[in-house]
Amino acid sequence: MEVRLARKLGFCFGVEHAIQTAEQTLAQRGGPIMSLGEIIHNPQVVEKLSLKGLKVVRDPDAVTGTVLIRSHGERPEVLSELRRRGVEIVDATCVLVKRAQQIVAKMAEDGYRVVIIGQASHPEVRGVCGYAPDVICADTPEELDRLPAGGKLGIICQTTHSLEHFGRMVGLIVARGYNEIKVVNTLCNEVRNRQVAAVELAREVDVMFVLGGKQSANTCELARLCAEQGVPTHHLENWDDFTDEMAAGKKTAGVTAGASTPKWIVEEFVENLRAFESR
Ligand code: SF4
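In this text, residue positions in the sequence shown follow my numbering: the first is 1, and each later residue adds one.
Here is the structure:
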């Protein structure tokens, strides 16, 4: 079948940097090291790196030796506790996540109550929340009821969200009538570029395939945006998840991939899909 690729897709610089850092550290140490949580939200990459010695640990108390901090970053109190215990920290926090952490700290210092438009359970958001006291996470209009009735608000966004969602939520906050609101755009352009390219492609094809981990927030957002264009959309981890019915009767398929999806998964998928005979 005819397969078209989004003009921007797959690994972002933050994920590439985290993987390179992990590989270099493993080579230098010559033995296993730990990663606090999965290095990226892609099970195939996590599995490949685990064969090279990168061991995923979820509990900071269980960390010993050398630990890699993934691109999502970590709460400052966790990092200080690890340092206190003599753990060697290799920090692969993405520069854009670091920027969000610094903005939040400065907002709190300047007397703003910080609001993050983001999912409270997402590791990046959990980490950023640690840089200011009493941060409020809100990701839906209903969750805005968590906001205080007055005072100065400082608003940022989870890096992987869409500009439209951020704008909508900020608009709803402004409508609540606060006297002073400071908004800083902490969205990631790498994610934005992939979203714009995916939407463009979704408007041209009969079916869209969005490749990436099911836990990957930016991949889920890509799938949501493509589906919003009215095209049948399938979020798959790789070719193993494909079934014939997904492409049956379709002439052209579009393929995109989240910022944590490696090139080889995309290449394998596209090759198989091109060979697929749609009936
Ligand atoms: S998606 Fe953006 S913020 Fe997240 S790791 Fe990649 S470059 Fe950094």
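Built from N, CA and C at the ideal position, the CB exists for glycine as well.
The beta carbon of N193 sits no closer than 7 Å to any heavy atom of the ligand SF4. L51 is not a Cβ neighbour of I33, given a cutoff of 8 Å. Counting along the chain, the unbroken alpha helix (DSSP H) around K263 starts and ends at K263 to A275.
Judged by DSSP secondary structure, E88 falls within the beta strand (DSSP E) whose first and last residues are E88 to D91. Around the ligand SF4, the residues whose beta-carbon falls short of 6 Å from at least one of its heavy atoms are C12, F13, G14, V15, S71, C94, L96, V97, T159, T160, C188, E190, V191, N218 and A259, given in chain order. An exposed status is given to R274, since fewer than 16 other beta-carbon atoms sit within 10 Å of its beta-carbon. Within the region 172 to 233, the complete beta strand (DSSP E) runs of at least 3 residues fall at 180 to 183 and 207 to 211. Looking at G31, E142 and R194, the one whose alpha-carbon comes closest to that of R176 is E142. Under DSSP, L236 forms a beta bridge with L211. When secondary structure is reduced to three states using DSSP, T21 falls in the helix class. In the three-state scheme derived from DSSP, where H, G and I count as helix and E and B as strand, L51 is classed as helix. About 6 Å separates the Cβ atoms of G118 and C157, confirming a contact at the 8 Å cut-off. The region 163 to 181 and the region 203 to 210 do not touch, with fewer than 3 CB-CB distances between them shorter than 8 Å.
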